[in-house]
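Report on the following structure.
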Amino acid sequence: MTVAEKQTLGFQAEVKQLLQLMIHSLYSNKEIFLRELISNASDASDKLRFEAINNAALFENDPELQIKVTFDKAARTVTISDNGIGMSRDEAIEHLGTIAKSGTKEFFSRLSGDQQKDAALIGQFGVGFYSGFIVADRITVDTRRAGLAASEGVRWESAGEGDFTVEQIDKSARGTDITLHLREGEDELLSVWKLKSIIRKYSDHISLPILMKKEEWDDEKKETVLKDEFETVNQASALWTRSKSDITPEQYTEFYKHVSHDFEEPLAHTHNRVEGRSEYIQLLYVPKRAPFDLWDRNKRGGIKLYVKRVFIMDDAEQLMPVYLRFVKGVIDSSDLPLNVSREILQESRDVKVIREGSTKRVLGLLEELANSDDQEQKDKYATFWKEFGQVLKEGVGEDHANKERIAKLLRFASTHNDNDAQNVSFDDYIGRMKEGQDKIYYVTADNYAAAKNSPHLEIFRKKGVEVLLMTDRVDEWMLSFLHEVEGKELVSVAKGDLDLGKLEDEAEKKEHEKTETEYKDLVEKMKTALADKAKDVRVTFRLTDSPACLVADEHELSGNLIRMLKAAGQNAPESKPILEINPNHALVQRLKYEEAKFGDWSHILFDQAALAEGGTLADPAGFVKRLNEMLLNTK
């Protein structure tokens, strides 16, 4: 079979699934098809302009880039045309028949069947070209890549079901024409007024002229008719170059949707013109919802780089640190060369200045939300934290220059609250510290319930001392870089000796010393019985209700971190925990007089302590056997 013949190919399974979901979930907002197709046409023109920097012949004597939107009432079609980069046969098959995004499988696993929820997810996935099937039951794409011969044009066609066809055609002009064969009931799109209103609503910010045929009144026919003359129906200037006072909130929102392919409004944005040693414009957005691939740290960034209004690349990760990978937007430099490459970006001093400035601008935007007295702004920050808080915590270890600013933006659950809301800042905590308290206390655990019920908190509850409850997987890593805030040391309640400092009076200290002396023999006996499990055994005063707890030595990994490493399949250093016993608990007091089953009782106390902090037992059957025997022998 020659490439000139029509070839029928099957869609990738994910494309078929996406098409069905999208047509049903997004129909209530079907106008977005035109925004998506015009956005794609704009991107294709940007790519041509970029490639033509080093190969001007790609313009083929047609340097005026533009987008045309036309319709044919008799044929019931709407066509979106561009003279951008176009596609070769292989590119048409790849781009229109498959989804190459990482995380695709995870994306589909999160779809629930709830149309409203799924619509938001599908939107953030970026449906692009496929949105045409919301209003069309057949789509024809005629395209030719710039630089190829007119005979190497390609026609791609599909009814949006299981397959599509590809054939070679003659196409004199480079670029792409997408023709939508409308479904029944979509005839309202066959009018200048309707199409023009959609373009002005969703695509007014596009920097290229969007052209439509002019309408005029025909006295003989007593109706409006289309002239052969085209007119520009959008502002056709780069939105980020305009004055902030000339841009409406709606225009900012639609531009965000254009650069991010998100269907929802952004949470917040910042728009600035920076002048000085390095001159650039930044229009940066914080999304309202985390994308499905947020945890892919290798994913390219969401920043489009322009140089003097010329598009350079749409994944300029060098312009934003990895921990701010959720930020979307545009940066337009006046200083970088037009032929800038990724290698130049990595080494450029101007890029470093832009990156530092943009990082500070985003952190400043978050600070404005977090510190605002306006409840709406505070609620926005709460939304941000819920969606992106764990990613922001990565910055504590990755951005030393801004570590203190990031620390002030962090939020945690706390024993001060009765729920698991992460809304306590370090400033909140410090403002509530007890008189004489000079440390910030925290506990780490797998989840909120485990943290809230940790036996390590008992003495702090008794004394009314607040403890931060840290349950995100990134917390243990973050804490290895964050040792103090505002001069207050961060101290784990589950590591090292308990030091309450001035929170403990002299009478308590003397009582503790006396008790430690009384239990010295018991402690030595338990050390011998638990030599294979415990690094040490000691009397504790951090417990009020529990008989025992496990703590890590001050300079060793916490039990929670060791469990996380093992769960991730990583090697964790072998270390034994310290068993601390509560001398005021009846079980410990009874143990002083136990002879026959002393070893079994000691092991039960150790295993109970391990379970209480969310650990697993090396010998669960042995624990059950000992516990049963103890229960049967209890008098």
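In numbering that gives the first Met the number 0, the protein residues as written are 0 to 634.
We put the CB at the ideal spot given by N, CA and C, even for glycine.
Looking only at its chain, what residues have a beta carbon closer than 7 Å to the beta carbon of residue i, apart from the 5 residues adjacent to it on each side?
{"i": "Asn82", "result": "Asp61, Leu64, Gln65, Ala172, Arg173, Gly174"}
{"i": "Leu626", "result": "Ile603"}
{"i": "Val339", "result": "Val306, Ile311"}
{"i": "Ala608", "result": "Ala547, Cys548, Leu549, Leu578"}
{"i": "Asn581", "result": "Thr539, Leu542, Ser545, Pro546, Ala547, Val587"}
{"i": "Lys451", "result": "Leu468"}
{"i": "Arg537", "result": "Val522, Ile577, Glu579"}
{"i": "Asn39", "result": "Gly127, Phe128"}
{"i": "Val464", "result": "Lys433, Gln436, Tyr440, Leu502"}
Answer yes or no: do residue i and residue j have a C-beta to C-beta separation smaller than 9 Å?
{"i": "Lys200", "j": "Met211", "result": "no"}
{"i": "Thr414", "j": "Asn446", "result": "no"}
{"i": "Leu468", "j": "Val484", "result": "no"}
{"i": "Thr514", "j": "Glu457", "result": "no"}
{"i": "Lys303", "j": "Val352", "result": "no"}
{"i": "Lys170", "j": "Gly159", "result": "no"}
{"i": "Leu364", "j": "Gly388", "result": "no"}
{"i": "Lys524", "j": "Phe597", "result": "yes"}
{"i": "Asp334", "j": "Asp349", "result": "yes"}
{"i": "Phe58", "j": "Ala149", "result": "no"}
{"i": "Lys494", "j": "Glu553", "result": "yes"}
{"i": "Arg34", "j": "Leu189", "result": "no"}
{"i": "Lys213", "j": "Lys226", "result": "yes"}
{"i": "Tyr428", "j": "Phe459", "result": "no"}
{"i": "Leu283", "j": "His268", "result": "yes"}
{"i": "Ser41", "j": "Leu207", "result": "yes"}
{"i": "Lys379", "j": "Leu266", "result": "yes"}
{"i": "Glu366", "j": "Arg341", "result": "no"}
{"i": "Ile84", "j": "Ala56", "result": "no"}
{"i": "Leu180", "j": "Asp136", "result": "According to the sequence displayed, residue 180 carries His and not Leu. Yes, they are a contact pair."}
{"i": "Gln6", "j": "Glu249", "result": "no"}
{"i": "Phe262", "j": "Leu293", "result": "no"}
At what residues does the alpha helix (DSSP H) containing residue i begin and finish?
{"i": "Ala448", "result": "447-451"}
{"i": "Ser357", "result": "348-370"}
{"i": "Ile580", "result": "Counting along the chain, Ile580 falls outside any alpha helix (DSSP H), though it belongs to the beta strand (DSSP E) covering 577-580."}
{"i": "Leu590", "result": "585-590"}
Span of the beta strand (DSSP E) holding residue i?
{"i": "Asn271", "result": "267-273"}
{"i": "Ala547", "result": "547-550"}
{"i": "Arg460", "result": "Note, Arg460: premise wrong, no beta strand (DSSP E); alpha helix (DSSP H) at 457-462."}
{"i": "Tyr279", "result": "279-285"}
{"i": "Leu478", "result": "Note, Leu478: premise wrong, no beta strand (DSSP E); alpha helix (DSSP H) at 474-478."}
{"i": "Lys303", "result": "301-306"}
{"i": "Leu64", "result": "No beta strand (DSSP E) holds Leu64; DSSP gives it neither H nor E."}
{"i": "Arg537", "result": "535-538"}
{"i": "Leu147", "result": "No beta strand (DSSP E) holds Leu147; DSSP gives it neither H nor E."}
{"i": "Gly9", "result": "6-9"}
On the DSSP bridge list, what partners appear for residue i?
{"i": "Trp384", "result": "According to DSSP, Trp384 bridges with nothing at all."}
{"i": "Trp239", "result": "Looking at the DSSP assignment, Trp239 forms no beta bridge with any residue, so it has no partner."}
{"i": "Ala56", "result": "According to DSSP, which records beta bridges pairwise, Ala56 is partnered with nothing at all."}
{"i": "Met211", "result": "Glu230"}
{"i": "Gln167", "result": "Val153"}
{"i": "Ile603", "result": "For Ile603, which the question treats as bridged, DSSP gives no partner whatsoever."}
{"i": "Lys487", "result": "Val484"}
{"i": "Met469", "result": "Thr443"}
{"i": "Asp331", "result": "Ile280, Tyr305"}
{"i": "Leu181", "result": "Ala135"}
{"i": "Thr636", "result": "The structure shown does not extend to residue 636, since the chain spans only 0 to 634, so no value can be given for it."}
{"i": "Trp216", "result": "Thr223"}
{"i": "Arg625", "result": "Answer by DSSP bridge pairing: none, since Arg625 is not bridged."}
{"i": "Met312", "result": "Leu304"}
{"i": "Arg173", "result": "According to DSSP, Arg173 bridges with nothing at all."}
Please work out which residues of its chain come closer than 8 Å, Cβ to Cβ, to residue i, disregarding the five sequence neighbours upstream and downstream, and give them in chain order.
{"i": "Gly430", "result": "none"}
{"i": "Lys402", "result": "Gly394, Val395, Phe480, Leu481"}
{"i": "Thr240", "result": "Ile280, Arg308, Asp331"}
{"i": "Gly161", "result": "Gly9, Phe10, Lys15"}
{"i": "Lys193", "result": "Glu187"}
{"i": "Glu488", "result": "Asp437, Lys438, Ile439, His482"}
Could you check whether the Cβ of residue i sits closer than 9 Å to any Cβ belonging to chain D?
{"i": "Ser333", "result": "Protein chains in the displayed structure number just one, and chain D is not present."}
Excluding five sequence neighbours on each side, which residues of the same chain lie with their C-beta closer than 6 Å to the C-beta of residue i?
{"i": "Glu228", "result": "Lys213"}
{"i": "His270", "result": "Lys243, Leu282"}
{"i": "Lys359", "result": "none"}
{"i": "Ser80", "result": "Lys67, Asp176"}
{"i": "Thr223", "result": "Glu214, Trp216"}
Can we count residue i as close to the ligand MG, meaning its CB is less than 8 Å from some heavy atom?
{"i": "Asn632", "result": "Looking at this structure, you won't find the ligand MG or any other ligand, since it has none at all."}
Taking 8 Å as the threshold, find out whether the stretch 310-321 comes into contact with the stretch 367-383 through three or more Cβ pairs. no
Are at least three pairs of beta-carbons, each pair with one atom in the stretch 203-217 and one in the stretch 174-185, less than 8 Å apart? no
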